[in-house]
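**Q** So in the working numbering, spot 323 of the sequence shown is number 1280, and the numbers just go up one at a time.
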Amino acid sequence: MNTHRGNQILLSAALGAGLLTLALAFAGSATADDDDDDDDDITVVYPTGDPSDDVPNVQDAVAGGGTVLLKATDRDGNPTAFNFGQVFPATLQEAFDAREENSVNIRRSVRIRGESLDDDWAESDDDNDEDLDDEVRTTLEGGFEPFHIVAPGIDVVIEGIDFTCTRYKAISVKTGDRVVIRNNRFGKVTFFQTDSPPPFFPVPRTFGIAVADDTGQLISVGTAEITGNLFDLNPDPSPPCPLPEDAFDPDPSREKLGDTRAFAFIGASVDGTVIVRDNTIRNTARLGVNFLDPLGKVEVRDNVIDLGPLAASRPLGNLGIQFQPGFFPPFDQEGGRALITGNKIICSNPDCRGIAVGDTSLPRTARAIVKHNHIVMAVPESETPVLPFAAGIELFMSNSVVSDNRIEGRSNFAILVEGDFGDGVNVNLANDNRIVRNKVRDFTPLSKDYFGLKLPEPVDYALFDGNDNRLRDRSGTVCLGGFTGSSGNVVKGGLEVVVGDNCQ
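(1) Does DSSP put Ser1009 in a helix, a strand or coil?
(2) Determine the DSSP secondary structure at Leu1367, reduced to helix, strand or coil.
(3) Any contact between the segment 1414-1421 and the segment 1437-1449? By contact I mean 3 or more CB pairs, one from each, below 8 Å.
(4) Just checking my contact of Val1136 with Val1130 at CB under 8 Å: how many whole Å lie between their CB atoms?
(5) Between Val1454 and the rest of its own chain, which residues show a CB-CB distance below 7 Å, the 5 nearest in sequence each way excluded?
(6) Going by the DSSP bridge assignment, what does Gly1450 pair with across the sheet?
(7) Using a 10 Å radius around the Cβ and a threshold of 16 neighbouring Cβ atoms, would you call Asp994 buried or exposed?
(8) Would you report the Cα separation of Asp1430 and Lys1396, rounded to the nearest angstrom?
(9) Please state the DSSP three-state secondary structure of Leu1214.
(10) How many Å lie between Gly1445 and Gly1423 at the Cα?
(11) Comparing C-alpha positions only, which one of Arg1211, Val1327 and Val1336 sits nearest to Arg1367?
(12) Shortest alpha-carbon distance to Phe1045 belongs to which of Glu1102, Val1061, Ala1020 and Arg1068?
(13) Rounded to whole angstroms, what is the Cα-Cα separation between Asn1240 and Ala1313?
(14) In whole angstroms, what is the alpha-carbon distance linking Leu1190 and Gly1144?
(15) Considering Cα atoms alone, identify which of Asp1228, Leu1352 and Asn1388 is closest to Asp1134.
(16) Could you tell me which of Leu1386, Gln1050, Ile1111 and Ala1047 sits nearest to Ala1067, measuring between CA atoms?
(17) In whole angstroms, what is the alpha-carbon distance linking Ala1167 and Arg1324?
(18) From which residue to which residue does the beta strand (DSSP E) around Glu1182 run?
(19) Let's test the definition: count the other Cβ atoms within 10 Å of the Cβ of Arg1032 and tell me whether it reaches 16, buried, or not, exposed.
(20) Have a look at Asn1492 and Phe1346 and give me their C-alpha separation to the nearest angstrom.
(21) Kindly provide the ranges of any beta strand (DSSP E) runs that are 3 or more residues long and lie completely inside the segment 1223-1280, ordered along the chain.
(22) Identify, in the order they occur along the chain, each residue of the same chain with its Cβ nearer than 7 Å to the Cβ of Val1019, setting aside the five sequence neighbours on each side.
(23) I'd like to check one pair, Arg1363 with His1331: are the Cβ atoms closer than 8 Å?
(24) Who are the near neighbours of Glu1092 in its chain, counting only those whose CB is closer than 6 Å to its CB and skipping five residues on each side?
(25) Would DSSP call Val1019 helix, strand or coil?
(26) According to DSSP, is Arg1398 part of a helix, a strand, or is it coil?
(27) Give me the Cα-Cα distance between Leu1214 and Gly1349, rounded to the nearest whole angstrom.
(28) With the cut-off set at 8 Å, would you say Gly1245 and Leu1267 are in Cβ contact?
(29) Compare the C-alpha of Gly1165 against each of Ser1177, Thr1172, Ile1176 and Val1146 and name the closest.
(30) Report the option in Phe1041, Pro1342 and Val1233 whose CA atom is closest to the CA atom of Pro1272.
(31) What is the DSSP secondary structure of Glu1291, counted as helix, strand or coil?
(32) Flag this pair as yes or no: are the beta carbons of Arg1211 and Ser1226 separated by less than 8 Å?
(33) By DSSP's criteria, Ile1069 is part of a beta bridge. Which residues make up the other side?
(34) Smallest Cα separation from Gly1179: which of Arg1056, Ala1108, Ile1223 and Gly1457?
(35) For Ala1052, which three-state DSSP category applies?
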């Protein structure tokens, strides 16, 4: 029996489990001002660099709703970061309790905006403006989960903020009507772990943005839009984070960060529409964009994802975009629909997948359209994948379309389609798909062994244990076979069907 699915479920458990305690609103002396020159609904908050002031000041301002402007400088015009502090939980409960210390809870409609010094929000009478360059932006440093959106029926906009040295999730969305997170920068993460047993948090992990509940329970949003953000969770060079010596890791190196479960975006069990568009994602050790059990509509469009050379320990590898229904119970719900289009994904680590669709052991009904993506498998000539399913596109789903994608470079497969593993449970998972007009002429396949399934030669397209699929391309090689075999598949165009051991 093949262990691929079991490994995948364990390796992709990004969220863990455990009950989330809603954070309490902070009290304290505020340094937030009403900006009477512009609008009575705008509240201005200046950073102090002290968590005991910055967290409650922002919380008080956000609790009033309207528009909140977080300044890039202190009251004297000196560039200063909002300091949300650092916590180092040893247990799962301590981790959740940490939200009461350094998270801002958003329970009413609000627009939270940062500034850059040439922004319209900058005060024209600030004598120090001319001494500061345009790159000075509102910065929020630290925090376990700096912004926590926890109220139904609210509209929230968070924009123009630089996040750095965050421990867990920079922005967490639990519910809302329309949530827009745009034009922010998500920088170095410091990750966290506790001594809790699997599948809680024994492994270091962190997220830029999470539209999810820690337990995988269903959450509801009207629309969540993640647009125009920059994610670089392990930048080179790596800036220092002000962590105490007794931290889990006082200041992790790039190599150590590159061996953690870092996700730029994750959405799990979301009933609603989620749009991830026009973002730039770099140096993500585990996943760029990850959807687990979406029940609504998903759109991943026009993102640039350069995963970098570092990745979680083999055989984990990293992954550009994943759409995975059938991960959390209940399993009798109909899955969502995904459109993944116009993205450019660069894989530099040999154990990488550009796009994975399905990737589950349960045949939950769902559908995906994957089209017009450009995937570069930039595996160095001196390296080969250890991960058997390393591929430009991995499809483990039925009734879907993979079309007009361009895949180049080196990996085990350009497109890998997987169905029944022959164990009597994982059946009929990759049927009735259309895989057409993809371009693989600049791709070099590497694998002749898929979990012990011997191939006579490496192939561009592998269709294992899938039925009634249609494949068409101008060029490339195809293996139709698997552990139980494939039937009813139609191959057209210039594709060459390889015949031999385990290839029909």
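C-beta atoms are modelled at their ideal positions from N, C-alpha and C, and glycine is treated no differently.
**A** Taking the coordinates as given:
(1) helix
(2) According to the sequence displayed, residue 1367 carries Arg and not Leu. Correct three-state label for Arg1367: strand.
(3) The answer is yes - the segment 1437-1449 touches the segment 1414-1421, with three or more Cβ pairs under 8 Å.
(4) Contact between Val1136 and Val1130 holds, since their C-beta atoms are separated by about 5 Å, short of 8 Å.
(5) Val1435, Leu1437 and Val1448
(6) DSSP links Gly1450 through a beta bridge to Asp1430.
(7) Per-residue confidence for Asp994 stands at a pLDDT of 41, beneath the threshold of 50, marking its modelled position as unreliable; no derived number is given.
(8) 7 Å
(9) helix
(10) 9 Å
(11) Val1336
(12) For Phe1045, the closest C-alpha among the options Glu1102, Val1061, Ala1020 and Arg1068 is that of Glu1102.
(13) 18 Å
(14) In this model, Leu1190 and Gly1144 are separated by some 5 Å (Cα to Cα).
(15) Of the listed residues, the one whose Cα sits closest to Asp1134 is Asp1228.
(16) Per the sequence shown, the amino acid found at residue 1067 is Val instead of Ala. Per the Cα distances, Ile1111.
(17) 22 Å
(18) Ile1176 to Thr1184
(19) exposed
(20) In the structure as shown, the chain begins at 958 and stops at 1461. Residue 1492 is therefore absent and cannot be evaluated.
(21) 1227-1234, 1237-1239, 1244-1249, 1254-1258 and 1261-1263
(22) Val1025, Val1061, Ile1063, Val1067 and Ile1069
(23) yes
(24) If we look at Glu1092 and ignore the five residues flanking it on each side, it has no Cβ neighbours.
(25) helix
(26) Coil, per DSSP.
(27) 24 Å
(28) no
(29) Of the candidates Ser1177, Thr1172, Ile1176 and Val1146, the one whose C-alpha sits nearest the C-alpha of Gly1165 is Val1146.
(30) Pro1342
(31) coil
(32) no
(33) According to DSSP, which records beta bridges pairwise, Ile1069 is partnered with Val1025 and Ile1115.
(34) Ala1108
(35) helix
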